[in-house]
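Worksheet for the structure shown next.
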Amino acid sequence: MKTRIALIAAAVAALGTASTTPALAQDSSVTFEFETGATTGSVMVVLFSSQAGYDRNQPVAAMTVAASSTPVTVTFDGLAPGSYGMKSFHDLNGDGVMNTNPFGMPVEPFAFSNNAVGNMGPASWERARFNVNGAVVQTITLR
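Counting from 1, position 8 in the sequence shown corresponds to residue 8 in the numbering used here; the numbering is continuous, with no gaps.
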């Protein structure tokens, strides 16, 4: 679990903050509205366009947005139509990593697209996968 969390944080850091790299330049977009419950820190979001990328934490786009208001809104524009999945966490203390307890369980809120829930780990691609063809909006609850 710690390894997967570290990989998510590394993927966000590697792609930079407040920037996106579209899968392919198109007219589709996805907007995530995060219900955070807190206005401190930042929400780190990574977007995947395949199961292989999702499982290996190799996103096609990433964004970090200050949690200065609720909901926190993140939009990825210029996406090719297709299947996508999203992983995110609320970095409450601003240290750039998802903090965990001694057992490797996250102590900062996290979420997946479709508000998918995992079983003893991250949500599976099948649960988190959603289709984009045009403008898509999802309301996500960070837990």
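No residue lacks a Cβ here, since even glycine has one placed at the ideal position from N, Cα and C. Being a predicted model, the structure only gives us computed values, none of them experimental.
- Between the segment 128-137 and the segment 75-95 there are three or more inter-stretch CB-CB distances shorter than 8 Å, so the stretches are counted as touching.
- Secondary structure at S29: strand, using DSSP grouped into helix, strand and coil.
- Rounded to whole angstroms, the separation of the alpha carbons of V136 and F89 is 20 Å.
- Residue nearest to V74 within the set G53, V46, R143 and Y54 is V46 (criterion: CA-CA distance).
- Distance between S113 and T139, taken at the CA atoms: about 9 Å.
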